[in-house]
Amino acid sequence: MMKKIKSIITLGLAAALLSTVGFAACGKTIDEYALSAYTGENKDENGNTVYNTELFYSNSVQQGYADPQVLDDTAQSGYYFLYGTSGNFAAMRSKNLAEWENVGPTFPRAKQGYDGEKVTWTNNWAPECIYDPEADDGKGGKGLYYLFFSATPDYNDKTWNNVDDTQPGVVSSSCMYNMYVATAKSPEGPFMMVDFSDKHNYNTQAGIEITEEQAQNNEYAYVTNRGKYYQAAFPHKWAKYCLFSPDEFSKLMQKNKVGTGGAANTAPEAGYIGSIDPSPFVDPVTNKKYLYFKTEAQGWNINVVVEMKDWLTPDWSNAHYVIASNFYTIEDWQKGINKGVSYENTYCNEGPFVLYHKDKNGDDKYYFTYSVNDFGTSDYQVGMAVADSPTGPFRKLTEAEGGLLLCSSTTDSETISGAGHHSFVTYGEQLYIAYHRHNDFIAGGSLRYTAIDEVKFITVEDKFGNELEVPYVNGPTDSMQPLPEGYTGYKNVAGKAQVSCTDESADTKWVTDGLLSVHKVADEDFMSYIQETYIKKTATFTFDFAADTSIRAIMVYNSAIEKNIFFNVSRMELTLADGSVRVIRDVKFDVDQYCTMGGASGDIVKYVRSGAAAFAEFYDVKVKSVKITVDVPEGQEKVGISEIRILGKA
């Protein structure tokens with residue numbers, strides 16, 4: 024995704040007519056010319072294809088951060104901005120979501136003052152940024168950027184935080200992961216922390232005794248001491264920087280009486296309740312503001328949504344639990360029933376991000392997407408729940424419904440691990456997911472970088488037998504993919520053509536459905552929606568266009584299943600507007616780059632990287648039709664083709 028040999032590959036296309044052959048058709052001779060094209064022959068020092076960075080990108084380029092969020096700031100600055108877990112929340116910017124340039128630290132801790140540095144002492148994690156054009160910038164103007172994040176204060180430094188925790192009512196100084204917010208006039212910062220001294224009205228005085236009835240009625244955040252109830256006191260220096268007034272946040276948890284065993288049975292003591300992974304969301308239907316985040320409730324990962332009166336003021340009267348780890352619904356968790364989600368093997372539910380979609384029936388759908396399992400392992404992945412409103416109730420989808428949204432383990436990948444903690448962003452009419460994955464897919468761990476892949480919506484049958492539209496990720500990929508159409512000016516025009524195949528058994532609809540078959544071991548019911556087109560003999564696909572169409576490249580995506588891959592596209596035939604023909608012969612699938620070979624002779628495919636294509640790039644030509652001949656290897660039962668993309672003028 025960084026600049027990768029920016030100089031365009033020399034194709035020699037100015038001398039495109041390399042050879043001429045005449046052949047007869049309908050009683051007349053048609054000239055056939057060999058069209059010069061680049062098919063990936065050049066490799067970099069790592070053996071990866073050198074590609075045209077004005078047309079393609081690849082996630083094999085390591086850049087960016089863990090826990091990435093991409094902010095679409097194109098309306099203001101013309102750029103997309105990438106934020107993530109990094110020192111001083113460094114950011115990057117891009118015009119195309121693929122080539123990122125550093126803009127430096129956006130949250131300079133040294134400029135936050137002594138208290139600010141102490142408040143954000145460690146665990147500065149997962150920032151997300153949002154722009155509010157109507158916010159008062161404090162200087163008589165409008166427009167402000169808000170950076171939400173979590174951090175842990177230096178609570179062990181008693182010379183700074185001189186609080187006696189043993190006083191009745193004073194909550195413990197030991198705290199992890201407070202939620203903060205900083206503001207700036209620019210997405211590049213500098214973001215400065217918000218001091219809530221004038222906004223919050225929490226108690227700082229120890230020893231205020233209250234009745235048990237007042238505590239149980241949730242009139243106060245409380246702690247107990249020797250059988251007595253005390254109004255919770257928060258005299259610590261970091262309290263004034265907390266986005267969530269600590270007493271109100273404690274009251275929310277106590278009101279819901281979050282207990283152990285997955286049931287609501289006991290209320291926790293008040294305190295600085297750890298919360299991470301903030302995700303701001305504006306409902307496009309109502310324009311209401313919401314903030315989603317993850318917290319913990321006595322051993323369980325809980326994700327919460329709170330409506331925001333503005334980006335600095337939570338409305339705790341409209342706060343809801345969204346999901347709980349290892350349960351499909353909050354209701355099940357509260358009752359302690361139906362425990363177990365097939366794609367969750369730990370208590371980790373984190374990194375929330377909500378995606379809105381209006382389905383074909385005009386119904387509003389909200390997809391609560393989140394990461395599960397241990398971030399350092401290969402099965403860190405993205406799950407999904409759905410609701411009809413931004414506050415729920417949400418239901419986690421089963422794997423058959425597409426509940427496992429992004430996963431590297433189902434691809435059996437030999438290069439990708441730990442695909443998770445993500446955000447969504449649009450470029451023109453295309454939807455993308457930005458996510459992190461491990462720098463080293465074998466070692467895993469905390470070193471991660473940012474990748475992007477396209478997202479499409481598909482229709483599935485839900486567990487109740489109803490149609491449900493859900494997002495599907497064309498990935499994770501680790502091969503050359505087209506850049507956003509709005510950036511290059513080229514889009515996949517294959518779907519506009521009338522498609523036929525000389526193998527009459529082939530179902531051609533799958534080669535133009537826009538979906539890449541990347542999974543090898545995913546749920547069978549779900550994968551019935553993501554199929555390949557099979558040919559049982561060497562066959563030619565014909566794409567007839569209703570009008571002359573200018574095209575620039577052809578990509579033939581291979582099967583995700585090793586026994587079904589092709590090795591050669593023997594012929595790409597382009598019939599031009601004037602009736603003449605241009606031919607590209609023997610476009611090879613890059614076995615060296617995308618396959619692991621085995622067997623005594625090294626000729627058995629043990630692994631194929633899914634989402635990879637054989638491709639040809641050439642100078643723009645205006646065509647009436649395109650014919651693509653894919654060879655079925657001798658002795659092989661069939662070949663699966665995931666997708667055929669023809670990149671033409673948008």
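With the first letter of the sequence shown counted as 1, position 72 gets the number 95 in this note's numbering; the numbers rise by one all the way through.
Where a beta carbon is used, it is the ideal one built from N, C-alpha and C, also for glycine.
Gln453: member of the beta strand (DSSP E) spanning Gln453 to His461, first to last residue. In the DSSP assignment, Phe564 is bridged to Cys524 and Ile651. Residue environment analysis places Pro156 among the exposed positions, since fewer than 16 neighbouring C-beta atoms fall within 10 angstroms of its C-beta. With a cut-off of 8 Å on Cβ pairs, the stretch 533 to 546 is not in contact with the stretch 637 to 648, counting fewer than three such pairs. About 11 Å separates the Cβ atoms of Tyr344 and Val329, ruling out a contact at the 8 Å cut-off. In this structure Met620 is exposed. Its beta-carbon is surrounded by fewer than 16 other beta-carbon atoms within 10 angstroms. For Pro499 against Ala466, the beta-carbon gap comes to about 18 Å, at or over 8 Å, which does not count as contact. The C-alpha of Phe590 is placed about 42 Å away from the C-alpha of Phe487. In the assembly as shown, Gly110 is an exposed residue. Its beta-carbon has fewer than 16 other beta-carbons within 10 Å. By the criterion of at least three beta-carbon pairs nearer than 8 Å, the stretch 161 to 170 is not in contact with the stretch 222 to 239.
In this structure, Gln504 sits away from Gly443, with a CB-CB distance that is not shorter than 9 Å. One thing to note: Ser431 has its Cβ within 9 Å of the Cβ of Ile439.
Cβ atoms of Tyr88 and Ser81 stay farther apart than 8 Å, at about 18 Å. Its chain contains Tyr103 and Trp123 as the residues whose beta carbon lies nearer than 6 Å to that of Ser117, once the 5 sequence neighbours on both sides are disregarded; these appear in chain order.
Relative to Cys371, the option among Lys532, Asn324, Leu94 and Ser401 whose CA is nearest is Asn324.
Between His459 and Pro128 a beta carbon distance of about 19 Å is seen, past the 8 Å cut, so the two are scored as non-contacting. Between Lys645 and Leu599, the beta carbon gap of about 6 Å places them in contact (Cβ cut-off 8 Å). Residues Tyr557, Ile558, Lys559, Asn587 and Val655 of the same chain have their beta carbon placed closer than 8 Å to that of Lys661, with the five preceding and five following residues left out of the count.
Here Ala205 has Phe130, Leu170, Phe214, Met215, Met216 and Val217 as same chain residues with Cβ atoms under 7 Å from its own Cβ, once five neighbours each way along the sequence are excluded.
The residues Asn349, in chain order, have a CB closer than 7 Å to that of Gly363 in the same chain once the five nearest residues on each side in sequence are set aside.
Residue range Pro269 to Lys278 is occupied by the alpha helix (DSSP H) that includes Leu275. Straight-line measurement puts the Cα of Ser268 at about 19 Å from the Cα of Gln237.
Pairing Glu64 with Gly70, the inter-Cα distance amounts to about 10 Å. The three-state reading of DSSP puts Asp300 in strand, counting E and B together. Below 8 Å, enough C-beta pairs join the stretch 143 to 151 and the stretch 171 to 187 to call them touching: three or more. Rounded to the nearest angstrom, the Cβ distance from Ile669 to Asn515 is 7 Å, consistent with a contact under 8 Å. For Glu492, the enclosing beta strand (DSSP E) covers residues Glu490 to Val496. Here the alpha carbons of Ile299 and Tyr200 stand approximately 6 Å from one another. When only Cα atoms are considered, Val534 and Glu555 end up about 7 Å apart.
DSSP, read as helix, strand or coil, puts Arg132 in helix. Checking the DSSP bridge columns, you'll see Trp323 partnered with Ala320.
Taking a C-beta distance under 9 Å as the contact criterion, Tyr455 and Gln86 do not qualify as a contact pair.
Per the DSSP secondary-structure output, Gln254 pairs in a beta bridge with Tyr245.
A Cβ-Cβ contact shorter than 9 Å links Val604 with Glu55. Within 10 angstroms of the beta-carbon of Arg132 lie 16 or more other beta-carbons, which makes it buried.
Asp270 has its alpha-carbon roughly 18 Å from the corresponding atom of Asp187.
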